[in-house]
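A.B. asks: The sequence shown lines up with residues -19 to -1, 1 to 454 when you count with mature numbering (1 follows the signal peptide of the UniProt record, and there is no 0).
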Amino acid sequence: MSWLHSVLFLFLVFRWCIAVESSSTEVTDDGAPMEISEREALYSTIQGFVGDSWNGSDLYPDPCGWTPIQGVSCDIYDDLWYVTELTLGLVHENSLSCAASLVIKPQLFKLNHLKSLSFVNCFKSSLTISKEDWISLGSNLESLEFRSNPGLIGELPETIGSLTSLKSLVVLENGFDGKLPTSLCNLSSLKRLVLAGNLFTGKIPDCFNGFKDLLILDLSRNSFSGTLPSSIGEMVSLLKLDLSNNQLEGKLPQGVGCLKNLTLLDVRNNRISGGFSQNVEKIRSLTDLVLSGNPMDIDDMMGIKWENMGNLVVLDLSKMGLRGDIPYGLTKLKRLRFLGLNDNELTGTVPSKELETLPCLGALYIHGNNLTGELRFSTKFYEKMGTRFKASKNPNLCQYDMVSGSSNYVPPLGVKPCKMKKAEGDLVTANLWDLARVPVGSSGRSEADAAARQCLSPFILVGLPAYYVIASS
Ligand SMILES: *[C@@H]1O[C@H](CO)[C@@H](O)[C@H](O)[C@H]1NC(C)=O
Ligand SMILES: *[C@@H]1O[C@H](CO)[C@@H](O)[C@H](O)[C@H]1NC(C)=O
Ligand SMILES: *[C@@H]1O[C@H](CO)[C@@H](O)[C@H](O)[C@H]1NC(C)=O
Ligand SMILES: *[C@@H]1O[C@H](CO)[C@@H](O)[C@H](O)[C@H]1NC(C)=O
């Protein structure tokens, strides 16, 4: 070999080595610099969802710079830009919408700087995602969301448990079914776990003792069965616990009383029985307590010191097979806006006057019981409540036929007028009329005004349906 040939040969080898080495870190030459492989992975990923006619390099040559893509955010690491947030599907009017037949391209899992990945209104035709390679996103991904994807079916992939940096996992209103993977227990950094509105079955895994940072746990609207996991009581930071609309049974775990920061406890429409856990009254922070539609079947609602739960705003104890009197302690809950006691077997009289003094009360349902005696609410109260007051289907309850100066007054539907002696009736009517018109400026009035002002505080109800939302009066 001549000298020239040797040099040429070495030069070629050298060129080849450079080419091989730089092919993985080749950088885009205009705009925000990023690895070409990162940019190509982004284009392929989106094309898989949007359809082949979408040409990223044509439309968005500089996706982290001057031609941003709706739903894509980037961040800089060591002078290069990487995709950190990706939302696929129709969020805004100008979002890229997902095609009817889409593919999850393997390039998605090469975007390993992703912190947040969301699929919203995207999967419409049936698809399972069990085999995808979540592990490669494990070290960085903090938020994973599947919202409103009726096409997503099958089980949640076991590999989801490798996403140990996740702080938020939202799997809301999709078609997922089957049992939850036990690997979910791995995700103990979670602050928010929402699996609501799917078709999940089986027991809720009893592994929440490690979830010390969890603030929101929402497993509502699935078909979970079995008993409530006792480790629920160990999620010390929990603010909202929603297990409503499942087929859960057994008692509320004792540990629930240890959730000192809990504001919402919603277990409505399950098969929870065995009476109230006395521990519920220990949760002083509770604002929303919804236990309706569980066959508690208990005699003594008085067993709970309701007056201790002074932060309650929404209390729904309907359809629980409750017996006994309406507990007097309920009339001490000054912040109460919604009180549901309907469709039980409650007896005794209605503490009308005491309930009427609750300044925030905007909905009161006592229908479908066996309450007795006279309703003694004022016309003003009925005007305020409108259809949010129901007392019908209490065969032994009656209502005075009141005289009202206002055309807005509608007597409570389905409650028969009391039979009364003339003189007595006039007396009672007069009393009620007084109650409705406490003179302005009297001390009673200003107290009531001050209390009513409390009700005007901004009222944002997270996690409960509109039925419970009572506008401030
Ligand atoms: C996008 O367009 C460019 C040029 O306009 C073309 O070279 C490229 O092949 C197209 N890519 C795809 C995936 O269609
Ligand atoms: C749980 O996390 C550990 C690392 O913290 C990981 O090694 C393991 O594979 C994970 N388990 C599952 C089922 O993903
Ligand atoms: C409960 O809330 C308070 C006030 O927001 C907070 O300081 C405290 O750390 C919380 N407790 C737990 C166990 O998270
Ligand atoms: C309702 O209570 C009355 C007594 O006040 C009782 O005679 C009647 O049997 C009860 N009805 C039902 C359905 O429990």
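We put the beta carbon where it would ideally sit given N, CA and C, even for glycine.
Values in this document were obtained by computation on a predicted structure and should not be read as measured data.
What residue range is occupied by the uninterrupted beta strand (DSSP E) comprising Val31?
C.D. replies: Here Val31 belongs to no beta strand (DSSP E); instead the alpha helix (DSSP H) covers Ile17 to Val31.
A.B. asks: Short of 6 angstroms in beta carbon distance, which residues of its chain neighbour Gly159, apart from the five on each side in sequence? Order them along the chain.
C.D. replies: Taken in chain order, the residues that qualify are Glu136.
A.B. asks: Beta carbon of Asn377: closer than 7 angstroms to some heavy atom of ligand 4?
C.D. replies: Indeed, a heavy atom of ligand 4 lies less than 7 angstroms from the Cβ.
A.B. asks: In its own chain, which residues sit with a C-beta less than 6 angstroms from the C-beta of Ile197, not counting the 5 before and 5 after it?
C.D. replies: Within the same chain, Ile197 has close Cβ partners Arg173 and Lys221.
A.B. asks: Closer than 6 angstroms is what we want: which residues have a beta carbon that near any heavy atom of ligand 1? List them in chain order.
C.D. replies: That gives Asn36, Ser38 and Asp39.
A.B. asks: Kindly confirm or deny that the segment 273 to 292 and the segment 234 to 241 touch, where touching means at least three C-beta pairs closer than 8 angstroms.
C.D. replies: Judged by Cβ distances under 8 angstroms, the segment 273 to 292 makes no contact with the segment 234 to 241, as fewer than three pairs qualify.
A.B. asks: Leaving out the 5 sequence neighbours to the left and right, which residues in its chain are closer than 7 angstroms to Ser54 when beta-carbon positions are compared?
C.D. replies: Excluding residues within five positions, the ones whose Cβ falls inside 7 angstroms are Thr65 and Glu66.
A.B. asks: Once DSSP output is grouped into helix, strand and coil, what is the label at Thr140?
C.D. replies: The answer is helix: DSSP assigns Thr140 an H, G or I state.
A.B. asks: For Phe362, which of Gly444, Leu352, Thr328 and Ala344 has the nearest alpha-carbon?
C.D. replies: Per the Cα distances, Ala344.
A.B. asks: Out of Gly302, His94, Lys315 and Asn227, which has the shortest C-alpha to C-alpha gap to Glu19?
C.D. replies: When only C-alpha atoms are compared, the closest one is His94.
A.B. asks: With a threshold of 8 angstroms on Cβ separation, who are the neighbours of Ser225 within its own chain once the five nearest residues in sequence on each side are excluded?
C.D. replies: Same-chain partners within the cutoff: Ser201, Arg202, Asp247, Val248, Arg249, Asn250, Asn251 and Val271.
A.B. asks: Grab me the residues of Val295's own chain with a C-beta within less than 6 angstroms of its C-beta, minus the 5 sequence neighbours each way, in chain order.
C.D. replies: Counting only Cβ-Cβ distances below 6 angstroms, and skipping sequence neighbours, we find Asp269, Phe319 and Tyr449.
A.B. asks: Name the residue from Phe358, Leu352, Tyr381 and Thr312 whose alpha carbon lies nearest to the alpha carbon of Lys374.
C.D. replies: It is Leu352.
A.B. asks: When you measure from the CB of Glu326 to every non-hydrogen atom of ligand 4, does any distance come out below 7 angstroms?
C.D. replies: Indeed, a heavy atom of ligand 4 lies less than 7 angstroms from the Cβ.
A.B. asks: Taking only heavy atoms of ligand 3 into account, decide whether any of them is closer than 7 angstroms to the Cβ of Asn292.
C.D. replies: No.
A.B. asks: How far does the alpha helix (DSSP H) with Leu40 in it reach, from first residue to last?
C.D. replies: It spans Gly37 to Leu40 - the alpha helix (DSSP H) in which Leu40 sits, taken as one unbroken run.
A.B. asks: So is Gln51 buried or exposed if we call it buried at 16+ other beta carbons inside 10 Å?
C.D. replies: Classification of Gln51: exposed, given that the 10 Å Cβ count is below 16.
A.B. asks: On the DSSP bridge list, what partners appear for Asn377?
C.D. replies: Beta-bridge pairing links Asn377 to Thr353.
A.B. asks: For Cys436, which three-state DSSP category applies?
C.D. replies: Note: Cys436 maps to helix in three-state DSSP.
A.B. asks: Which residues in the same chain have their Cβ closer than 8 angstroms to the Cβ of Ile347, if we skip the five residues on either side of it in sequence?
C.D. replies: So the list reads Ile307, Leu322, Asn323, Leu327, Val331, Lys371, Ala372 and Asn375, once near-sequence residues are dropped.
A.B. asks: Taking 7 angstroms as the cut-off, is the CB of Asn351 close to at least one heavy atom of ligand 4?
C.D. replies: Asn351: yes, Cβ under 7 angstroms from ligand 4.
A.B. asks: Pull every residue with its beta-carbon under 6 angstroms away from any heavy atom of ligand 3, and keep them in chain order.
C.D. replies: The set, ordered by position in the chain, is Val217, Ser218 and Asn242.
A.B. asks: Can you tell which of Ser254, Glu126, Val72 and Lys315 has the C-alpha that lies nearest to the C-alpha of Met301?
C.D. replies: The candidate whose alpha carbon is nearest that of Met301 is Ser254.
A.B. asks: Lys96 bridges to which residues according to DSSP?
C.D. replies: Per DSSP, none; premise fails for Lys96.
A.B. asks: Excluding the five sequence neighbours on either side, which residues of its own chain have a C-beta within less than 6 angstroms of the C-beta of Asn102, listed in chain order?
C.D. replies: For Asn102, where only same-chain residues beyond five positions count, the Cβ hits under 6 angstroms are Gly70, Leu71 and Ser129.
A.B. asks: Determine the burial state of residue 470: buried for a count of at least 16 other Cβ atoms within 10 Å of its Cβ, exposed for fewer.
C.D. replies: Because the chain spans -19 through 454 in this model, residue 470 falls outside it and cannot be assessed.
A.B. asks: Report buried or exposed for Gln28, applying the criterion of at least 16 other Cβ atoms within 10 angstroms of its Cβ.
C.D. replies: With 16 or more other Cβ atoms within 10 Å, it is buried.
A.B. asks: What runs of the beta strand (DSSP E), each 3 residues or longer, lie entirely inside the segment 126 to 173?
C.D. replies: Runs of the beta strand (DSSP E) inside the segment 126 to 173: 149 to 159.
A.B. asks: Leu195 and Met216: beta carbons closer than 8 angstroms?
C.D. replies: Closer than 8 angstroms, so yes.
A.B. asks: In angstroms with no decimal places, state the Cα-to-Cα distance between Thr312 and Leu165.
C.D. replies: Each residue's Cα considered, the two are about 43 angstroms apart.
A.B. asks: Taking buried to mean at least 16 other C-beta atoms within 10 Å of its own C-beta, is Ile57 buried or exposed?
C.D. replies: Flag for Ile57 reads exposed.
A.B. asks: Leaving aside the five residues before and after Lys96 along the sequence, list all residues of the same chain whose C-beta is less than 6 angstroms from its C-beta, in chain order.
C.D. replies: Around Lys96: Thr65, Asn121 and Glu123.
A.B. asks: DSSP puts Glu326 in a beta bridge; with which residues?
C.D. replies: Answer is Arg304, bridged to Glu326.
A.B. asks: Measure the C-alpha to C-alpha separation of Tyr41 and Ser76 and round it to an integer number of angstroms.
C.D. replies: Taking the straight line from one Cα to the other gives about 14 angstroms.
A.B. asks: CA-CA distance, Lys334 and Glu355?
C.D. replies: Using only the alpha carbons, I get a separation of about 11 angstroms.
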